[in-house]
Amino acid sequence: MASRQILRNLSVSLFRKGGLKRVLSYSRSIATLQRQKKDFLKWKTQSAFVRTMFIQTQETPNPNSLKFVPGVQVLESGTIDFPNPQSSACSPLAKLLFRIDGVKGVFFGPEFITVTKADDDLDWQVMKPDIYATIMDFFASNLPILTDEQPSADTAIDPDDDETVLMIKELLDTRIRPTVQEDGGDIVYMGFEDGIVKLKMQGSCTSCPSSVVTLKNGVQNMLQFYIPEVMGVEQIEDEVDDVNKTEFEKLEKSLEEKSPET
Numbered sequence: 001m002a003s004r005q006i007l008r009n010l011s012v013s014l015f016r017k018g019g020l021k022r023v024l025s026y027s028r029s030i031a032t033l034q035r036q037k038k039d040f041l042k043w044k045t046q047s048a049f050v051r052t053m054f055i056q057t058q059e060t061p062n063p064n065s066l067k068f069v070p071g072v073q074v075l076e077s078g079t080i081d082f083p084n085p086q087s088s089a090c091s092p093l094a095k096l097l098f099r100i101d102g103v104k105g106v107f108f109g110p111e112f113i114t115v116t117k118a119d120d121d122l123d124w125q126v127m128k129p130d131i132y133a134t135i136m137d138f139f140a141s142n143l144p145i146l147t148d149e150q151p152s153a154d155t156a157i158d159p160d161d162d163e164t165v166l167m168i169k170e171l172l173d174t175r176i177r178p179t180v181q182e183d184g185g186d187i188v189y190m191g192f193e194d195g196i197v198k199l200k201m202q203g204s205c206t207s208c209p210s211s212v213v214t215l216k217n218g219v220q221n222m223l224q225f226y227i228p229e230v231m232g233v234e235q236i237e238d239e240v241d242d243v244n245k246t247e248f249e250k251l252e253k254s255l256e257e258k259s260p261e262t
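Using the UniProt record's numbering, the first residue of the sequence shown is number 1, and each one after it goes up by one.
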């Protein structure tokens, strides 16, 4: 009974003297430190995982294919083949590997990853460091190997696509689209006619003032560098885009008229 009375008196004293605020502040500080400690331990564990991960390589009957064994489980069971970048939509790791110059195909087994390069002229010694880094960083991120994501419908392979269109779609999926998506937007393939690639900007790129510059200096230059048949790019706008553009021009004109002369 005496101890309870002492605690009660202490609580009342703390409350009267503003000590309760100090206690709460102290408690919040402790909670913050505990969260920071947890985050640090998580980061430390991931960093240690990357440093200690040892990836072995094994040759295959195909000199253009190399087997990478990370020492951890890749798939729970079975195998899955990604013969081209378009087929890798359901695998974040495969998509990252396809972004490495020279990677033509990716294959997952229960405990290994097989990477196929595009041709004999590519040197494995040049490609391997990027492949090692991609695999190690991915497993340290704890992201799933496979997801339910589906390929973009606009760049899906069509039986009627000729070689040039196939190359355009592959380049959009592997080089251009990932970069645009990092900025919160997307770019949609709308067609290819008379040497002109028709594209539609989406998301943050739709009303971005630099979207035209992005198309001309970025997308067009890259497409023309890899695909000589491409003469240029054209931005396609639908009715909603036209309305937004018209309203924006009206607003801009109104603001100019109201602004004081300098």
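Where is the CB? At the ideal position from N, CA and C, for every residue including glycine.
Proximity of residue i and residue j at Cβ, strictly below 8 angstroms
i, j, result
"F98", "P85", "yes"
"L96", "F139", "no"
"D161", "V188", "no"
"L143", "P70", "no"
"I135", "I55", "yes"
"F229", "T174", "What sits at residue 229 in the sequence shown is Glu, not Phe. No."
"K128", "T116", "no"
"L172", "Y226", "no"
"D148", "C90", "yes"
Per DSSP, cross-strand counterpart(s) of residue i
i, result
"Y189", "L199"
"Q235", "L199"
"E114", "In the sequence as displayed, the identity of residue 114 is Thr instead of Glu. According to DSSP, which records beta bridges pairwise, T114 is partnered with K67, F107."
"F82", "V106"
Whole-angstrom C-beta distance between residue j and residue i, which should lie under 8 angstroms
i, j, result
"V233", "I196", "7 angstroms"
"I80", "I100", "About 19 angstroms; that fails the 8 angstroms criterion."
"G109", "L75", "7 angstroms"
Continuous alpha helix (DSSP H) stretch holding residue i: start and end
i, result
"V165", "163-171"
"D160", "No alpha helix (DSSP H) holds D160; DSSP gives it neither H nor E."
"Q224", "221-226"
"V72", "V72 -> no alpha helix (DSSP H), and no H or E assigned at all."
"M136", "124-141"
"L93", "92-98"
Cβ shell of residue i (< 7 angstroms), same chain only, five flanking positions each side left out
i, result
"W43", "Reliability of the predicted coordinates at W43 is poor, the pLDDT of 45 falling under 50, and no value is obtained from them."
"I236", "M190, K198, L199, K200"
"M231", "G195, I196"
"L122", "G102"
"A48", "Model confidence at A48 stands at a pLDDT of 46, short of 50, so the residue's coordinates are unreliable; what they give is reported in the following sentence. Here the set comprises nothing."
Neighbourhood of residue i by C-beta distance below 6 angstroms, restricted to the same chain and skipping five residues each side
i, result
"T114", "S65, K67, F107"
"M53", "M136"
Residue i - containing beta strand (DSSP E), residue span
i, result
"K67", "65-69"
"T57", "56-59"
Neighbourhood of residue i by C-beta distance below 8 angstroms, restricted to the same chain and skipping five residues each side
i, result
"S77", "P110"
"P63", "D120"
Closer than 7 angstroms: residue i CB and nearest the ligand PLP heavy atom
i, result
"P144", "The model depicted lacks the ligand PLP and carries no ligand whatsoever."
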